[in-house]
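In what follows, a single structure is set out as structure tokens and then discussed.
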Amino acid sequence: NEIEPKVAVVGIPDEKKGEAIALLSTIAGPAIEQENLDLRYKLLDQGLPSLWCPQTIIPVEEIPILASGKLDIKGCEKLLTNS
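First residue of the sequence shown: -10, per the working numbering; consecutive thereafter.
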């Protein structure tokens, strides 16, 4: 029985910094904006630099996985362009 991933972190284009971090999530709820804000504050409180915190959380139905069981980064990026 394989474990299905619930989140994936990928880079997205950012006008100011060149690239920002996006979190794809199968467990994101209806209050996605508040969840994003709460997550950022928790990560910052734990000492994570702002640059390393997800700029956005994007709800998805499933996280793309390759046949090898590894994260399908291209598939994740494709989800971002479709969202």
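Using N, Cα and C, we set each Cβ at its ideal position, and we do this for glycine too.
- According to the DSSP assignment, residue 21 belongs to the alpha helix (DSSP H) that extends over 21 to 34.
- Check the Cα spacing between residue 42 and each of 8, 29, 7 and 6: the tightest is with 29.
- Here residue 16 carries a coil assignment [DSSP, helix/strand/coil].
- Straight through space, the alpha carbons of residue 9 and residue 0 are spaced by roughly 6 Å.
- Contact between the segment 13 to 28 and the segment 37 to 51 is present, with at least three C-beta pairs closer than 8 Å.
- In the three-state scheme derived from DSSP, where H, G and I count as helix and E and B as strand, residue 66 is classed as helix.
- The continuous stretches of beta strand (DSSP E) do not include residue 56, and DSSP gives it neither H nor E.
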